[in-house]
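Have a look at the structure below, then the notes.
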Amino acid sequence: MRRSLAYALVAATALCCLPLPVLAGEASPADWLQRMTGSLHSESYQGTFVLQRDDRLDAIRVVHAAENGGYRERLETLTGAPREILRSVDRLSALKGARAAAGEPPHGPAGAPVFLLERHDHYELKDMGADRVAGLDCRMILARARDTLRYSHRYCLHTETALPLLSELYDGHGHLLERLAFTSLERLEEVAEGALETTQEDAERVEVRADRGHKKPEWDAQTGMDGWHFDALPDGFTAIAATERPVGDGEARLRHFVLSDGLASVSVYIEKTSGERMFEGTTRAGATHGAARSIAGHQVTAVGDVPRATVQGVLDAIVYHSGE
35 MRRSLAYALV AATALCCLPL PVLAGEASPA DWLQRMTGSL HSESYQGTFV
85 LQRDDRLDAI RVVHAAENGG YRERLETLTG APREILRSVD RLSALKGARA
135 AAGEPPHGPA GAPVFLLERH DHYELKDMGA DRVAGLDCRM ILARARDTLR
185 YSHRYCLHTE TALPLLSELY DGHGHLLERL AFTSLERLEE VAEGALETTQ
235 EDAERVEVRA DRGHKKPEWD AQTGMDGWHF DALPDGFTAI AATERPVGDG
285 EARLRHFVLS DGLASVSVYI EKTSGERMFE GTTRAGATHG AARSIAGHQV
335 TAVGDVPRAT VQGVLDAIVY HSGE
């Protein structure tokens, strides 16, 4: 299950909200962040961004087409081994956080349910003024973590669209953990179909569809899902989505929960397994931490761009009651 844990480490998050129609001069930091989450699924664009994680720097070309509240995008690596990924996410899946792991796809901009920030004060939000990234005017917004359970976030949001031209994560000591910065970005009124077609024979295709294998089961914060629920989550985090899908040809199911504090998100994957396939321990890739353990014959994995103590806290909060 070491491979499964590493596999889950790179599962992408795509949660969004509707943009707020506020003017730049009137927008608070929270308004800017709210607009950012909506822009990621309402704006079409193409460009190149660089991703810095630890001592590795990757350049990635992206074509992103917003469609009916969801999106399609093609990502192509410009450094290292050639890779190309075509990702398609429908509106319901984007809103609910359903997603699919696909090896190690290049990280692109991702949204967050920032409305949750109204429920706690674990971040200090600050407008740091105007700046420029990729030749475009943007507004620098800082979300400084007030505790060690989350990272500090810094964004430079395009003045017109609130697209994140720059996104950074910092640990509690102020050390940069991850930086995503566009070097070029062009908004598109329409995206030509050919721009979303793969050019490599071994290109990866990731389709996330609420009506293709994923479903929202009977679950809420009180009753849980099939006996699974959370008890005493890390402060500020709450479960915001749950999905399940079949695995293989049998009756096995992969359950997936999404938890968030408004900016940071943690995914929890639960799959029935046994014996040598079980894995317990932790792992790290850049700002992303993962932790896994076995519960009642199931492999349970928590992963997210949060400190190790947070994914461990989420893992420890998972409770199973068989109902027998």
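In the numbering used here, the protein residues as written are 35 to 358. In this text, a Cβ means the ideal position worked out from N, Cα and C, and glycines have one as well.
| Presumed contact (8 angstroms Cβ cut-off) between L222 and L211, rounded CB distance | For L222 against L211, the beta-carbon gap comes to about 31 angstroms, at or over 8 angstroms, which does not count as contact.
| Where does the unbroken beta strand (DSSP E) through D11 begin, and where does it stop? | It is not possible to answer for residue 11, since the shown part of the chain is limited to 35 through 358.
| task | Under the assumption that R213 contacts L191 (Cβ atoms under 8 angstroms), give the Cβ distance between them as a whole number of angstroms. | result | Separation of the CB atoms of R213 and L191 is rounded to 15 angstroms, and the pair is thereby denied contact status at 8 angstroms.
| field | Residue range of the unbroken beta strand (DSSP E) whose run includes T82 | value | Counting along the chain, the unbroken beta strand (DSSP E) around T82 starts and ends at Y79 to R87.
| task | Identify every residue that forms a DSSP beta bridge with G104. | result | Looking at the DSSP output, G104 sits in a beta bridge with E101.
| Looking at Y185 and V300, is the spacing between their C-beta atoms short of 8 angstroms? | Cβ atoms of V300 and Y185: not closer than 8 angstroms.
| query | Hey, quick one: how far does the alpha helix (DSSP H) through Q346 stretch, first residue to last? | reply | Going by DSSP, Q346 is part of the alpha helix (DSSP H) stretching over R342 to A351.
| message | Rounded to the nearest angstrom, what separates Y157 and S201 at their Cα positions? | response | Annotation: Y157 to S201 spans about 16 angstroms, alpha carbon to alpha carbon.
| request: Would you mind working out which of T272, T193 and H332 sits nearest G296, comparing C-alpha positions? | output: The residue among T272, T193 and H332 with its C-alpha nearest the C-alpha of G296 is T272.
| message | Please list the terminal residues of the continuous alpha helix (DSSP H) segment that includes P268. | response | Element bounds for P268: n/a, residue is neither H nor E.
| task | Would you decide whether D65 is buried or exposed? Buried here means 16 or more other CB atoms lie within 10 Å of its CB. | result | By the neighbour-count criterion, in which a residue is buried when 16 or more other Cβ atoms sit within 10 angstroms of its Cβ, D65 is buried.
| message | Once DSSP output is grouped into helix, strand and coil, what is the label at V225? | response | DSSP, read as helix, strand or coil, puts V225 in coil.
| message | Between which two residues does the alpha helix (DSSP H) holding S299 run? | response | Careful: S299 lies outside any alpha helix (DSSP H), inside the beta strand (DSSP E) at S299 to K306.
| request: Determine, using beta carbons only, whether H263 and V353 come nearer to each other than 8 angstroms. | output: Yes, the pair counts as a contact, with Cβ atoms nearer than the cut-off.
| field | Proximal residues to D205 (C-beta, below 7 angstroms), its chain only, five neighbours per side dropped | value | Closer than 7 angstroms at the Cβ level, and outside the excluded window around D205, lie Y185 and L211.
| query | What's the gap between the Cα of E107 and the Cα of V240? | reply | Per the coordinates, the alpha-carbon of E107 lies some 10 angstroms from the alpha-carbon of V240.
| Using the beta-carbon count (16 or more within 10 Å), is E278 buried or exposed? | The residue is buried, with at least 16 neighbouring Cβ atoms inside 10 Å.
| task | Confirm, please, whether the CB-CB distance from L230 to F216 is below 8 angstroms. | result | Cβ atoms of F216 and L230: not closer than 8 angstroms.
| request: Could you tell me which of T335, A336 and G347 sits nearest to A266, measuring between CA atoms? | output: Residue G347 is the option with its Cα nearest to A266.
| Alpha-carbon to alpha-carbon, A100 and E77 | Distance between the alpha carbons of E77 and A100 is about 6 angstroms.
| message | On a Cα-Cα basis, can you pick out the residue from D89, L151 and S62 that is closest to A319? | response | A319 has its Cα closest to that of D89, out of D89, L151 and S62.
| task | Name the one or two DSSP bridge partners that Q333 has. | result | In the DSSP assignment, Q333 is bridged to E305 and S328.
| task | Please look up how many angstroms separate the CB atoms of S356 and G331, rounded, as I've assumed it's under 8 angstroms. | result | Cβ atoms of S356 and G331 stay farther apart than 8 angstroms, at about 10 angstroms.
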